[in-house]
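Undergrad: Can you keep this structure in mind? I'll have questions shortly.
Okay, here's the thing in structure tokens:
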């Protein structure tokens, strides 16, 4: 029966091949979501080994963050752009979990990130969540959680106001657009905790800054930041 099942699986794969979410080529046995070549060539930043990395520098003087990190560089037209498009707009949620696992393995060797108590994804407004069906930052958070063995806390940090897309806004306009957008529902759960705030892509950092500003109002809270990608 196992042999027959194997033949059936091979036949289905021949008719409906699974494709790499980064390059579009056929996956072979043992590969999942991303082919071996693309996984080997992910544009990793190694920011977990560089405390003064460019993402951390974005928040100097703005947020009292313990550390900040991005897993990969985001380059227009590159594989990460294709991967993120599949993840955010084509419903391939497992990409977030996979990238979260990779990030979690890196963060687990960092003395700073090893002290994280809770992981909080940047929330979507309820209208955006209904439309997309899932929060991409929460998928990434779940993947990190599996490797750091730290719980994910959703629905405490909430987005109370819907905002327009940030894509074509200037840095200052992005900052203005994010004012009074987030709220902490239950500060007691966060008191004296080291919180890892996670998002998908960081550009100017205005969204993360707005979230972090609210979180740091909680007594004794320490804040660190992790994202999937950094885009200049």
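Residue numbers (the UniProt record's numbering): 1 to 232. Built from N, CA and C at the ideal position, the CB exists for glycine as well.
1) Tell me where the alpha helix (DSSP H) around residue 159 begins and ends.
2) Which one of 149, 159, 148 has the shortest CA to CA distance from residue 251?
3) Report the three-state DSSP secondary structure of residue 149 (helix, strand or coil).
4) Report back the beta-carbon spacing between residue 122 and residue 211 to the nearest angstrom; my notes put them in contact at under 8 Å.
5) Would the beta-carbon of residue 199 be found less than 6 Å away from any heavy atom of the ligand MN?
6) Identify every residue that forms a DSSP beta bridge with residue 230.
7) With 16 as the cutoff for other CB atoms within 10 Å, does residue 20 come out buried or exposed?
8) Would residue 140 be called buried (16 or more neighbouring beta carbons within 10 Å of its own) or exposed?
9) Might you give, ordered along the chain, the residues of its own chain that have their beta carbon closer than 7 Å to the beta carbon of residue 116, omitting 5 neighbours on each side?
10) For residue 145, which residues from the same chain have a beta carbon less than 6 Å from its beta carbon, with the 5 sequence-adjacent residues on both sides left out?
11) What's the gap between the Cα of residue 53 and the Cα of residue 216?
12) Could you tell me how far apart the beta carbons of residue 226 and residue 198 are, in whole angstroms, since I believe they sit closer than 8 Å?
13) What separation, rounded to the nearest whole angstrom, lies between the Cα atoms of residue 184 and residue 137?
14) Give me the Cβ distance between residue 43 and residue 75, rounded to the nearest whole Å; I'm assuming they're in contact under 8 Å.
15) Using alpha carbons as the reference points, say which of 66, 129, 65, 213 lies closest to residue 89.
16) Which residue's Cα is closest to the Cα of residue 231: 27, 71, 48, 24?
17) Beta-carbon within less than 8 Å of residue 220's beta-carbon, same chain only, minus the 5 sequence neighbours each way: which residues are those?
18) By how many angstroms is the C-alpha of residue 188 removed from the C-alpha of residue 78?
TA: Straight from the coordinates:
1) Working through the chain shown from its first residue, we reach residue 159 at position 159. First-last for residue 159: 157-159, but that is the beta strand (DSSP E), not the alpha helix (DSSP H).
2) The structure shown does not extend to residue 251, since the chain spans only 1 to 232, so no value can be given for it.
3) Counted from its first residue, the chain shown places residue 149 at position 149. Judged by DSSP in its simplified three-state form, residue 149 adopts coil rather than helix or strand.
4) Position 122 of the chain shown, counting from 1, holds the residue named residue 122. Position 211 of the chain shown, counting from 1, holds the residue named residue 211. Correct: roughly 6 Å between the Cβ atoms.
5) For the structure depicted, the ligand MN is absent and the ligand set is empty, with no information on it obtainable.
6) In the chain shown, the residue the question calls residue 230 occupies position 230. Per DSSP, the beta-bridge partners of residue 230 are 73, 202.
7) Taking the first residue of the chain shown as position 1, residue 20 is located at position 20. So residue 20 counts as buried.
8) Position 140 of the chain shown holds residue 140. By the neighbour-count definition (other C-beta atoms within 10 Å, threshold 16), residue 140 is a buried residue.
9) Against the chain shown, residue 116 aligns to sequence position 116. The residues are 148, 150, 194, 196, 224.
10) Here residue 145 is taken as the residue at index 145 of the chain shown, counted from 1. Excluding its 5 nearest sequence neighbours in each direction, residue 145 has C-beta neighbours in its own chain below 6 Å: 119, 152, listed in chain order.
11) In the chain shown, counting from the first residue as 1, residue 53 sits at position 53. In the chain shown, counting from the first residue as 1, residue 216 sits at position 216. Between residue 53 and residue 216, the C-alpha separation is close to 22 Å.
12) Taking the first residue of the chain shown as 1, we reach residue 226 at position 226. Taking the first residue of the chain shown as 1, we reach residue 198 at position 198. Their Cβ separation, rounded to whole angstroms, is 5 Å, which keeps residue 226 and residue 198 in contact under 8 Å.
13) The residue given as residue 184 occupies position 184 in the chain shown. The residue given as residue 137 occupies position 137 in the chain shown. About 17 Å.
14) On the chain shown, residue 43 is found 43 positions in, with the first residue counted as 1. On the chain shown, residue 75 is found 75 positions in, with the first residue counted as 1. Right, their Cβ atoms sit about 7 Å apart.
15) What you label residue 89 is simply residue 89 of the chain shown in a count that begins at 1. When each option's Cα is compared against that of residue 89, the closest is 129.
16) On the chain shown, position 231 is the one that residue 231 refers to. For the residues 27, 71, 48, 24, the minimum Cα distance to residue 231 belongs to 71.
17) Here the question's residue 220 lines up with position 220 in the chain shown. Non-local C-beta neighbours of residue 220 in its own chain, meaning closer than 8 Å and more than five positions away in sequence, comprise 191, 192, 193, ordered along the chain.
18) Here the question's residue 78 lines up with position 78 in the chain shown. Here the question's residue 188 lines up with position 188 in the chain shown. About 43 Å.
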